[in-house]
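Colleague:
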Amino acid sequence: MDELVKELDKERARIIISKDIRKWNKPTTVISGLHDRKDAPEITRKLKTRIGTGGTFKDGQIILQGDHRDTVKSMLVSMGFGEDSIEVM
2 MDELVKELDK ERARIIISKD IRKWNKPTTV ISGLHDRKDA PEITRKLKTR IGTGGTFKDG
62 QIILQGDHRD TVKSMLVSMG FGEDSIEVM
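Under our numbering, the first residue of the sequence shown is numbered 2, with each subsequent residue one higher.
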């Protein structure tokens with residue numbers, strides 16, 4: 002039953018992936034919309050490992066170093082999130 006609830010949450014999640022410029026004109030990828038999920042730190046760890054970059058889960062957002070918007074979207078889709086629920090800005 003718990004697995005079914007997780008799958009439904011993945012389909013309903015509204016995820017926004019955007020690019021932000023931080024200190025010293027460095028690009029970062031910001032993923033918001035996962036603040037309600039208990040496994041957000043685990044998702045962060047998987048993204049960081051597969052992309053090979055640094056990052057953190059802070060204030061309900063996943064922040065990755067570098068511009069990885071398209072890669073993150075394809076990885077989230079492969080994790081089971083609905084492609085139409087992910088918006089890349």
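Yeah, the Cβ is synthetic: ideal placement off N, Cα and C, and Gly gets one too.
#1: Mind listing, in chain order, the continuous beta strand (DSSP E) runs of no fewer than 3 residues lying wholly within the stretch 33 to 62?
#2: Grouping DSSP H, G and I as helix and E and B as strand, with all else coil, what is residue 68?
#3: Beta-carbon within less than 7 Å of residue 70's beta-carbon, same chain only, minus the 5 sequence neighbours each way: which residues are those?
#4: Pop quiz: residue 64 and residue 41 are said to be a contact at Cβ under 8 Å. What is the actual Cβ separation, rounded to whole angstroms?
#5: Less than 8 Å between the CB atoms is what I'm expecting for residue 56 and residue 47, so what's the real figure, rounded?
Modeller: Well, looking at it:
#1: Within the stretch 33 to 62, the runs of beta strand (DSSP E) at least 3 residues long that lie entirely inside it are, in chain order, 56 to 59.
#2: Coil, per DSSP.
#3: Excluding sequence neighbours, residue 70 sits near 18, 20, 30 and 89.
#4: With a contact defined as Cβ atoms closer than 8 Å, residue 64 and residue 41 miss out at about 12 Å.
#5: Actually they are not in contact, since the Cβ atoms of residue 56 and residue 47 sit about 11 Å apart, beyond 8 Å.
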